[in-house]
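There are 2 protein chains.
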Amino acid sequence: MRDAFVVGTGMIRFGRYPDLLLEDFAADVAREALEDSTADPRGLGIAVFGHSGGGRVAGQRVLRELSLTGMSILNVENACAGGGTALHVGWMAVASGLHDVALVVGMEKMQKGLIPSNPGEYEAALGKTLPAKYALRARKHMDEYGLTPEQLAMVSVKNHRAGALNELAHYQEEVSLEAVLASRMIAEPLTLLQCCPTTDGAAAVVIAGGNAVRRLSQQPVRIAASVITSGRYTNPAKGQLASDDDLATRAGQAAYEMASLGPSEIDVAEVHDAFTIGEILACESLGFCARGDGGRIAEEGVTALGGRLPVNPSGGRLSLGHPLGATGVAQVVELTRQLQGRSGARQVDGARIALAHVQGGSTPGIGTGASTVHILTA
Amino acid sequence: MRDAFVVGTGMIRFGRYPDLLLEDFAADVAREALEDSTADPRGLGIAVFGHSGGGRVAGQRVLRELSLTGMSILNVENACAGGGTALHVGWMAVASGLHDVALVVGMEKMQKGLIPSNPGEYEAALGKTLPAKYALRARKHMDEYGLTPEQLAMVSVKNHRAGALNELAHYQEEVSLEAVLASRMIAEPLTLLQCCPTTDGAAAVVIAGGNAVRRLSQQPVRIAASVITSGRYTNPAKGQLASDDDLATRAGQAAYEMASLGPSEIDVAEVHDAFTIGEILACESLGFCARGDGGRIAEEGVTALGGRLPVNPSGGRLSLGHPLGATGVAQVVELTRQLQGRSGARQVDGARIALAHVQGGSTPGIGTGASTVHILTA
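The listed protein sequences derive, respectively, from chains A and B. Start counting the first sequence at 12; every next residue gets the next number (my numbering). Start counting the second sequence at 12; every next residue gets the next number (my numbering).
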């Protein structure tokens, strides 16, 4: 496999677009990423679209808006990890040498507030929906490691503070610790402001390899690792407790190995904070702190903008928003721009190495899903 | 890219399974393919699932039925070409060297008789549904090349004859030319028996590379070409007529180039006969005959079992059935077994080289979609 690089990015402001078709705003981000890379759209070898609810051949319908056709086009679904999965396929197509230039688009127009359950998901039918699942893990983390409600809420405060600086975020307002704790209880201990909003959005990157890289970008960002895995959420056989996240742990370890570096070298990260507890578990599983310390580092500002390792400088899912298939790509757009020094008030000074993590798609019992980790280097 | 091989196949009888979940019958074909290959399921690097209507993380839900987790799992959507697209991703994962063993599953539980149109598909809303689109092309072919209603109907007669010999086909009964022509008119000139039925089904293959190949199969079948492309259905700039199929033509040409062989070397083929006219256009576009001769070769028996180049020995979409995402994989299951000499009454004697073609996912105006071609060699 050869090196592959992000050479262009595009993203719209996340929010609600009831009057637009998915095709409309997804075409906008594809166009922006292609223009950012100066790639001739007709030189595209492959275009990969990540989404869950776009319907049949949604990617083809998006490219049609740009009068683009002729390349390989495929649509990828992996729930909350759909964008990360699309990136992985685009990376594979370039790193394998099969194509020199790939367009990857993550996009979603959310239909309903609650993600409907699939037939056969008997646990969801009984009430074990996503907020409930995350809430159970938060409760367990409190039991097992002493996580406090205030630490949990601080994740939301921190991410809304970053989102307030991001002109692409769905919510661009700071929230106080008191407001987070006092907001409506959704699934104890998770209050409304600890759950991601219902958000439409799209983001795109152009990935290139070989001679195309320097031709398409003055500031290519290398994809040092691209990993997707599935697995149990926790693995007692490894001595893990019930609130530990084995899936993210394994994805992170595989990515660090592929990139030949470790968690202490990460300068900035985007992780899956669909619920506040998600960021805490991800920070622990990805080795940003010891197991059980995820709440503490949020409380102490380690993961805030200006801290030692800023996490979710975009505002994260809680403030940027979480349009399922768009999220993984939006994370890499944010981090690419951070490594290129283009992030304005949210810029992490001197950032050279970044990590993106997205996770989702639980199934009953076994907890199989998808977790993707990408490591980017300037 | 290194060589990749089909080392295991699995498939259920296609039909209607109103009382089963998709997970149930898709798990059956995955298990069968893994057993056929003698692959240790825990050694799987990646599993790719092609489907249009399985809902979120359907592949993960299928593997859960087999208690399988830990590998990369992804879901791919490309309408009628979803199975071929999943194969392409699985092939890429192995041919790139990223993984040694890939499981590819195509599966579909059809919800309704008519495929619902996507928002934004204004042509479909006006009545230009799939049967209408194919009917228009059939009418144009009659104008442009003199295709007769009898030639068109012969494709259905031929494929039902093959399907009658296939214990996995949805319909296992021969139909007469008279019965095809006299069946209910759906979209002139296409009668009911010239349109594929509404069918549930699933099929799976195991793909391997490197040292894993000989370990997993006594009769590995090489994937000599794997191509996916999109494009206009016809290209007047190339001097093509309105009924010509530029998309299949380009996919075929790219596949022949990748495999370093030509259409005259193909011994047996599965092509996209969702409607009778589809097979005729595919035969012409893939170079099995001159442009305009697709109806004639069906009428003369060239493409029948026992003919010079049997096309759709499985019974094709018309008799085997066409569960969208399952079709591309089912074609490769049929052809792999043909090349392994395991096809019983339908065996094409001495078959060494086979081609699979599937196509779909039209969009308004530009006609962008997906066409995949795989070439297999014994």
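All C-beta atoms in this analysis are idealised placements derived from N, C-alpha and C, irrespective of residue type, glycine included.
Just to check my reading of the structure: residue i and residue j have Cβ atoms closer than 8 Å, yes? What is that Cβ distance to the nearest angstrom?
i                      : j                      : result
residue 111 of chain B : residue 56 of chain B  : 6 Å
residue 115 of chain A : residue 372 of chain B : The pair is not a contact, with the Cβ atoms about 19 Å apart (cut-off 8 Å).
residue 43 of chain B  : residue 215 of chain B : 7 Å
residue 99 of chain A  : residue 207 of chain A : The Cβ separation is near 22 Å, so there is no contact.
residue 18 of chain A  : residue 194 of chain A : Not quite, the Cβ-Cβ distance comes to about 41 Å (not below 8 Å), so this is no contact.
residue 85 of chain B  : residue 70 of chain B  : 7 Å
residue 370 of chain A : residue 382 of chain A : 4 Å
residue 287 of chain B : residue 261 of chain B : Contact flag wrong, Cβ pair sits at about 23 Å.
residue 259 of chain A : residue 368 of chain A : 6 Å
residue 96 of chain B  : residue 344 of chain B : Actually they do not touch by this definition, with Cβ atoms about 16 Å apart.
residue 198 of chain B : residue 146 of chain B : 4 Å
CA-CA distance, residue i and residue j?
i                      : j                      : result
residue 212 of chain B : residue 118 of chain B : 6 Å
residue 243 of chain A : residue 380 of chain A : 8 Å
residue 105 of chain B : residue 330 of chain B : 32 Å
residue 276 of chain B : residue 266 of chain B : 13 Å
residue 327 of chain B : residue 134 of chain B : 28 Å
residue 92 of chain A  : residue 338 of chain A : 8 Å
residue 279 of chain A : residue 349 of chain B : 54 Å
residue 340 of chain B : residue 41 of chain A  : 30 Å
residue 230 of chain B : residue 148 of chain A : 48 Å
residue 141 of chain A : residue 322 of chain B : 48 Å
residue 16 of chain B  : residue 102 of chain B : 8 Å
residue 351 of chain A : residue 181 of chain B : 56 Å
residue 285 of chain A : residue 271 of chain A : 29 Å
residue 274 of chain A : residue 384 of chain A : 12 Å
residue 53 of chain B  : residue 298 of chain A : 26 Å
residue 139 of chain A : residue 151 of chain B : 55 Å
residue 200 of chain B : residue 166 of chain B : 13 Å
residue 374 of chain B : residue 107 of chain A : 30 Å
residue 264 of chain A : residue 83 of chain B  : 14 Å
residue 113 of chain A : residue 23 of chain A  : 20 Å
residue 13 of chain A  : residue 109 of chain A : 11 Å
residue 26 of chain A  : residue 342 of chain A : 16 Å
residue 143 of chain B : residue 136 of chain B : 12 Å
residue 94 of chain B  : residue 362 of chain A : 42 Å
Excluding sequence positions up to five away, which residues of its chain have a Cβ less than 8 Å from the Cβ of residue i?
i                      : result
residue 161 of chain A : 188, 192 and 310
residue 269 of chain A : 235, 236, 237, 238 and 386
residue 225 of chain B : 231
residue 122 of chain B : 64
Could you name the residues of the same chain whose beta carbon sits closer than 6 Å to that of residue i, not counting the 5 residues immediately before and after it, in chain order?
i                      : result
residue 120 of chain B : 33 and 211
residue 176 of chain B : 356 and 357
residue 388 of chain A : 233, 235 and 364
residue 156 of chain B : 303
residue 29 of chain B  : none
residue 347 of chain B : 17, 20 and 232
residue 366 of chain A : 277, 280 and 386
residue 319 of chain B : 313
When DSSP builds the beta bridges, which residues end up paired with residue i?
i                      : result
residue 238 of chain B : B:384
residue 9 of chain A   : For chain A, the structure presents residues 12 to 389; residue 9 of chain A sits outside this window and is missing.
residue 116 of chain A : A:60 and A:215
residue 183 of chain B : Residue 183 of chain B is not bridged to any residue.
residue 369 of chain A : A:383
residue 206 of chain B : B:286
residue 17 of chain A  : A:218 and A:232
residue 86 of chain B  : A:88 and B:60
residue 322 of chain B : B:280
residue 201 of chain B : B:198
residue 364 of chain B : B:388
Give every residue of the same chain whose Cβ lies closer than 7 Å to the Cβ of residue i, excluding the five residues on either side of it in the sequence, and list them in chain order.
i                      : result
residue 306 of chain B : 158, 159, 162, 163 and 291
residue 190 of chain B : 204
residue 294 of chain B : 282, 300, 305, 308, 314 and 322
residue 302 of chain B : 255 and 295
residue 49 of chain B  : 227
residue 37 of chain A  : 73, 116, 118 and 213
How about residue i: is its Cβ closer than 7 Å to a heavy atom in the ligand ZN?
i                      : result
residue 280 of chain A : For the structure depicted, the ligand ZN is absent and the ligand set is empty, with no information on it obtainable.
Within the chosen definition, does the segment 247-255 of chain B reach the segment 45-65 of chain B through at least 3 CB pairs nearer than 8 Å? Contact between the segment 247-255 of chain B and the segment 45-65 of chain B is absent: fewer than 3 CB-CB pairs across the two stretches fall below 8 Å.
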